Amino acid sequence: MINIVLFGKPGAGKGTQAEFLKTKYNLVHLSTGDIFRFNIKNQTQLGKLAKSYMDKGDLVPDEVTTKMLIDSVESNLDKNGFLFDGYPRTLSQAEALKVFLSTKSSIVTATIALEADDEILVQRLLERGKTSGRPDDQDEEKIRNRYQEYNEKTAPLIEYYKNQGNFHAVNGIGTIQEITDRLTKVIDNL
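Quick look at the structure:
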């Protein structure tokens, strides 16, 4: 089983690249955002719980997020592996993923970070916001706040995965195909 954690700040191209990678390697793309939306829309017990936090403006606790993700993995165990997009975001989530995968006799095969300059990413998101309709992509201050949260909570995971010897940085600037080629080269050499 191949398990890839895809990192990158908002606008780095994780979602775009995940579409190519899931097809090429026959992986299940697990986007935390998609999992949240599914659970909330379908009013699952976890979705209702997550929504109760979100409605108050609070972050959904790691335990709830992890449980939603585990449920998604459990329902796809017959697949080649998983492409984790947006999870883990904290050290406690990384540990929970490690423990869970070990119960399936598996590990995180690779952690790949799409790296790009903040100023380039801000412009990407502002452009995306013109067509996506997402309010969080239309406000530069909100974008920069998301980057600050990424730096504080997610960036420490880079060191965590470097210490495990499975961290790979990939230049996230270029055409979609150039970036896909870089990612493919890393994955093919695992």
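Quick note on the working numbering: the sequence shown kicks off at 2 and runs consecutively. Backbone N, C-alpha and C fix where the C-beta goes; we use that ideal spot for every residue, glycine too. The structure presented is a predicted model; accordingly, all values stated were derived computationally and were not measured.
Is residue i near residue j, with beta carbons less than 9 Å apart?
| i | j | result |
| --- | --- | --- |
| Glu84 | Ile36 | Contrary to the premise, residue 84 reads as Leu rather than Glu in this sequence. Not a contact, by the Cβ cut-off of 9 Å. |
| Lys15 | Asp119 | no |
| Lys105 | Val29 | no |
| Thr185 | Lys25 | yes |
| Thr132 | Phe8 | no |
| Leu127 | Asp137 | no |
| Ile144 | Gly34 | no |
| Pro62 | Leu158 | no |
| Gln27 | Gly82 | It should be noted that the sequence gives Asn, not Gln, for residue 27. Cβ atoms of Asn27 and Gly82: closer than 9 Å. |
| Asp86 | Ser53 | no |
| Ala51 | Asn40 | yes |
| Ser73 | Met2 | no |
On the premise that residue j lies in contact with residue i, defined as a C-beta separation below 8 Å, what is that separation, rounded to the nearest angstrom?
| i | j | result |
| --- | --- | --- |
| Ala95 | Leu191 | About 19 Å separates the two Cβ atoms, so there is no contact after all. |
| Leu92 | Val109 | The pair is not a contact, with the Cβ atoms about 13 Å apart (cut-off 8 Å). |
| Gly173 | Ala117 | 4 Å |
| Val171 | Leu122 | Not really, about 15 Å apart at Cβ, beyond 8 Å. |
| Gln18 | Ile180 | 6 Å |
According to DSSP, is residue i helix, strand or coil?
| i | result |
| --- | --- |
| Ile3 | strand |
| Leu184 | helix |
| Leu31 | strand |
| Ala19 | helix |
| Asn172 | strand |
Cβ contact (3+ pairs, closer than 8 Å) linking the segment 65-75 and the segment 40-52: yes
Start-end ranges of the alpha helix (DSSP H) lying completely within the segment 54-126, minimum 4 residues: The segment 54-126 contains these whole alpha helix (DSSP H) runs: 63-75, 92-104.
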